[in-house]
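Participant: My questions will all concern the structure given below.
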Amino acid sequence: MNHEAGELPPNAGKAATAWAKVRSRLRQEVGDVEYRTWLRQLTLSGLEGDVAHITLPTRFLRDWVRDHYGDRLRVLCQAEMGGVRRVELRVAAEAPELVQEAVAAPASPPGLAESLSPPPAAPAAAEGGKNDWLVPLDPRFTFDSFVVGKPNEFAHACARRVSERPAQAGFNPLFLYGGVGLGKTHLMHSIAWSLREREAELQIAYMSAEKFMYRFINALRTQNIMEFKTQLRSVHVLMVDDLQFLIGKDNTQEEFFHTFNALIDAGKQIIISADKAPNDLSGIEDRLRTRLSGGIVADLHATTYELRLSILQAKAAHAGVEVPARVLELLARKIASNVRDLEGALNRIVAHARLFGRPITLESVPEVLSDILRAHDKRLSIDDIQRKVAEHYNIRLTEMASARRSRAVARPRQVAMYLAKQLTSRSLPEIGKRFGNRDHTTVLHAVNKITELMQEDPTFAEDVSLLRKMLEM
Ligand code: ADP
Ligand code: MG
């Protein structure tokens, strides 16, 4: 067994039992509702000396738990887990939360938050930040700065349409989905800006699903549920970003469902984003799923090389810097995961050139971006390889793990195993496991077989090299 950083040590059994005790005591102390909302997703990820490492799925949750339960958590860990003195809270998946910061950053004009708030049911100051669940809009996220290409043209067209004629049948709700950093938040903010431009009086509430939850729980605590409902239901447009974070939180889901229905019935526009299509979201009730798909569902596909290049060109032009075409091409080719990383890389290059007063060249890029480029090289997964190879040979993805031995599927499977060995740091047994639990000797045989075939058959060799190049792009 290999122990990656953060994994539990060999005496994990004992630690797990102690951790279960900590959780159950927490639950007793805070009650079921609070526990389910904030603490159910705590995971013990490792013990290191006298530190217990605990992870949460998002930064927001991490901060919330640290501020509200940090002390209790530490005390309970000290009591139940021998030797533990400190507790470190971490975010398991940083990525989806990054934008939260960008959005909440003071970059937005002052006063925006107020003007976006729904009509206050009570003076906003009365309780200190009553509307803190409304996130200000990011001035950078407009339709003007959104670059349209094949992967996002449908979502963009739907967003445009909703911004021109909100709450039209067939376009309500608008459900945008796609992976991290593909422009969901950007599109939602664009709609809000565009609507406001047209009609300054429109009440638009934009918030993350987590903020919705936070607000709801606070209302429960302070017994202001009625006020919460009135506030929410008085908006003209409700935007809830990253809905996947609402999933599984029964009582908040219930409230969301009712708000949702009330708004739709009252002819208000609802815009939702999530990382998956309504049908693929897990932990969500069927009736909510049905309502979510009741309008228009638009998918933001993974970016293509062309789109990435256009985005880089637009951003460089906007920043007013001269970046050689070859450099932009290199970035568009190497950083294929999402637009946020792409932007980050461009920003870094520009900052570096400004700082040192040197021109940006193809030679300086690898050095300035070594960490980013390396991270992207590493990110190639066995899944990616299987998908690409299956696509290339026109077989089903499931054949990668199937037991079928006919040449038509066995050879592509061997190619995928070979590439997995060449392009990832996975061991033979690990690779075998991902190919329908095959033995490591099967993988080794595949690697040898493909190497041999490549030597014998130049056309085949070329084919495999092409696949490799496509995967490495
Ligand atoms: P998501 O909400 O889908 O995770 P974001 O909307 O936060 O992604 O986008 C991440 C970053 O990439 C933002 O800075 C956004 O402006 C930028 N971005 C994404 N898609 C585009 C696009 N098509 N044109 C211009 N910028 C984009
Ligand atoms: Mg987002």
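Positions -4 to 468 (the numbering used here) are the ones given, in order, by the sequence shown. Glycine included, C-beta positions come from ideal geometry on N, C-alpha and C.
1. Is residue 416 near the ligand MG - that is, is its Cβ less than 7 Å away from at least one heavy atom of it?
2. Please name the residue, chosen from 85, 307 and 220, that lies closest to residue 65 on a Cα-to-Cα basis.
3. So what does DSSP say about residue 190, is it helix, strand or coil?
4. By the 10 Å Cβ neighbour count, where 16 or more other Cβ atoms means buried, how is residue 173 classified, buried or exposed?
5. Beta carbon of residue 179: closer than 7 Å to some heavy atom of the ligand MG?
6. Could you tell me which whole alpha helix (DSSP H) segments of length 4 or greater appear in the region 310 to 366?
7. Give me the DSSP bridge partner(s) of residue 203.
8. Helix or strand or just coil, what does DSSP make of residue 419?
9. In whole angstroms, what is the alpha-carbon distance linking residue 59 and residue 166?
10. Relative to the C-alpha of residue 73, which candidate in 281, 274, 44 and 421 has its C-alpha closest?
11. Between 306, 78, 423 and 277, which lies nearest to residue 342 when the distance is taken from Cα to Cα?
12. For the putative contact between residue 274 and residue 286, defined by C-beta atoms under 8 Å, what is the C-beta separation to the nearest angstrom?
13. Can you find the residues in the same chain that come closer than 6 Å, C-beta to C-beta, to residue 240, ignoring five residues on each side of it along the sequence?
14. Here's a check: name, in chain order, each residue in its chain whose Cβ is nearer than 8 Å to the Cβ of residue 300, leaving out the five neighbours to either side.
15. Can at least three beta-carbon pairs, one atom from the region 288 to 298 and one from the region 310 to 324, be found at a separation below 8 Å?
16. Return the residue from the list 236, 10 and 79 that minimises the CA-CA distance to residue 178.
17. From residue 183 to residue 254, what does the alpha carbon distance come to, in whole angstroms?
18. For residue 339, is the beta carbon positioned less than 7 Å from some heavy atom of the ligand ADP?
19. Taking the alpha helix (DSSP H) that residue 154 belongs to, which residues open and close that run?
20. Say yes only if the C-beta of residue 133 is nearer than 7 Å to one or more non-hydrogen atoms of the ligand MG, and no if none qualify.
21. Among 263, 70 and 433, which residue has its Cα nearest to the Cα of residue 233?
22. Go ahead and pull the three-state DSSP assignment for residue 226.
23. Is residue 294 near the ligand MG, with its Cβ less than 7 Å from a heavy atom?
24. Within the continuous beta strand (DSSP E) that includes residue 294, where are the two ends?
25. Just curious, the alpha helix (DSSP H) that residue 461 is in, first and last residue?
26. Based on DSSP bridge pairs, tell me the residues matched to residue 46.
27. Please report the residue range of the beta strand (DSSP E) in which residue 173 lies.
28. From the DSSP output, in three-state form, read off residue 269 for me.
29. Verify whether the separation of the beta carbon atoms of residue 463 and residue 418 is less than 8 Å.
30. What are the boundary residues of the alpha helix (DSSP H) that residue 16 is part of?
31. In the DSSP assignment, find the alpha helix (DSSP H) that holds residue 33 and state where it starts and stops.
32. Which same chain residues end up closer than 7 Å to residue 387 when comparing Cβ atoms and leaving out the 5 residues on each side of it in sequence?
33. Rounded to the nearest angstrom, what separates residue 317 and residue 355 at their Cα positions?
34. Nearest to residue 145 by alpha carbon, out of 304, 211 and 55?
35. Based on the DSSP secondary-structure assignment, which residues constitute the bridge partners of residue 384?
Facilitator: In short, the structure shows the following:
1. As a working mapping, residue 416 is identified with position 421 in the sequence shown. No; taking the cut-off as 7 Å, the Cβ of residue 416 has no heavy atom of the ligand MG nearer than that.
2. Against the sequence shown, residue 65 aligns to sequence position 70. Closest by alpha carbon: 85.
3. Here the question's residue 190 lines up with position 195 in the sequence shown. DSSP places residue 190 in helix when its eight states are reduced to three.
4. Within the sequence shown, the letter at position 178 stands for residue 173. Buried: at least 16 other Cβ atoms inside 10 Å.
5. Position 184 of the sequence shown, counted from the start, is the residue given in the question as residue 179. Indeed, a heavy atom of the ligand MG lies less than 7 Å from the Cβ.
6. 320 to 329, 334 to 351 and 359 to 363
7. For the purposes of this step, residue 203 is taken as residue 208 along the sequence shown, with counting starting at 1. 236, per the DSSP bridge assignment.
8. As a position in the sequence shown, residue 419 is number 424, starting the count at 1. It is coil, neither helix nor strand.
9. Indexing the sequence shown from 1 puts residue 59 at position 64. Indexing the sequence shown from 1 puts residue 166 at position 171. In a straight line, the C-alpha of residue 59 is about 35 Å away from that of residue 166.
10. As a first step, residue 73 must be located in the sequence shown, where it is residue number 78. Comparing Cα positions, the closest option is 44.
11. For the purposes of this step, residue 342 is identified with residue 347 of the sequence shown, where counting begins at 1. Ranking 306, 78, 423 and 277 by Cα distance to residue 342 puts 306 first.
12. In the sequence shown, the residue the question calls residue 274 occupies position 279. In the sequence shown, the residue the question calls residue 286 occupies position 291. About 13 Å; that fails the 8 Å criterion.
13. Start at 1 with the first residue of the sequence shown, and residue 240 comes out as number 245. Cβ within range, chain order: 204 and 205.
14. Numbered from 1 along the sequence shown, position 305 holds the residue referred to as residue 300. So the list reads 327, 328, 331 and 468, once near-sequence residues are dropped.
15. no
16. Here residue 178 refers to the residue found at position 183 of the sequence shown. The shortest Cα separation from residue 178 among 236, 10 and 79 belongs to 236.
17. Residue 183 sits at position 188 when you count from the first residue of the sequence shown. Residue 254 sits at position 259 when you count from the first residue of the sequence shown. Answer to the nearest angstrom: the Cα atoms are 19 Å apart.
18. As a first step, residue 339 must be located in the sequence shown, where it is residue number 344. Incorrect: residue 339 has no Cβ contact closer than 7 Å to the ligand ADP.
19. Counting from 1 along the sequence shown, the entry for residue 154 is found at position 159. First-last of the alpha helix (DSSP H) with residue 154: 148 to 159.
20. Translated into positions along the sequence shown, residue 133 becomes position 138. No; taking the cut-off as 7 Å, the Cβ of residue 133 has no heavy atom of the ligand MG nearer than that.
21. As a first step, residue 233 must be located in the sequence shown, where it is residue number 238. Comparing Cα-Cα distances from residue 233 to each of 263, 70 and 433, the minimum goes to 263.
22. As a working note, residue 226 is residue 231 in the sequence shown. Looking at residue 226 - three-state DSSP - the assignment turns out to be helix.
23. Residue 294 sits at position 299 when you count from the first residue of the sequence shown. Checking every heavy atom of the ligand MG against the Cβ of residue 294, none is found closer than 7 Å.
24. In the sequence shown, the residue the question calls residue 294 occupies position 299. Residues 291 to 295.
25. Mapped onto the sequence shown, residue 461 falls at position 466. That run of the alpha helix (DSSP H) goes 453 to 467.
26. Translated into the one-based positions of the sequence shown, residue 46 becomes position 51. Paired residues: 43 and 81.
27. Position 178 of the sequence shown, counting from 1, holds the residue named residue 173. Taken as a continuous stretch (DSSP letters only), the beta strand (DSSP E) holding residue 173 covers 169 to 173.
28. Within the sequence shown, residue 269 is the residue found at index 274, counting from 1. DSSP places residue 269 in strand when its eight states are reduced to three.
29. The count along the sequence shown starts at 1 and reaches residue 463 at position 468. The count along the sequence shown starts at 1 and reaches residue 418 at position 423. For residue 463 and residue 418, yes; Cβs fall inside 8 Å.
30. Here residue 16 refers to the residue found at position 21 when the sequence shown is read from its first residue. 7 to 25 is the span of the alpha helix (DSSP H), which, as asked, contains residue 16.
31. Within the sequence shown, residue 33 is the residue found at index 38, counting from 1. Segment: none, residue 33 is in no alpha helix (DSSP H) and carries neither H nor E.
32. The residue you call residue 387 lines up with position 392 of the sequence shown. 462, listed in sequence order.
33. As a working mapping, residue 317 is identified with position 322 in the sequence shown. As a working mapping, residue 355 is identified with position 360 in the sequence shown. Rounded to whole angstroms, residue 317 to residue 355 spans 8 Å at the Cα level.
34. Walking along the sequence shown from the start, residue 145 turns up at place 150. That would be 304, whose Cα lies nearest to the Cα of residue 145.
35. Residue 384 sits at position 389 when you count from the first residue of the sequence shown. Its beta-bridge partners do not exist; DSSP assigns none.
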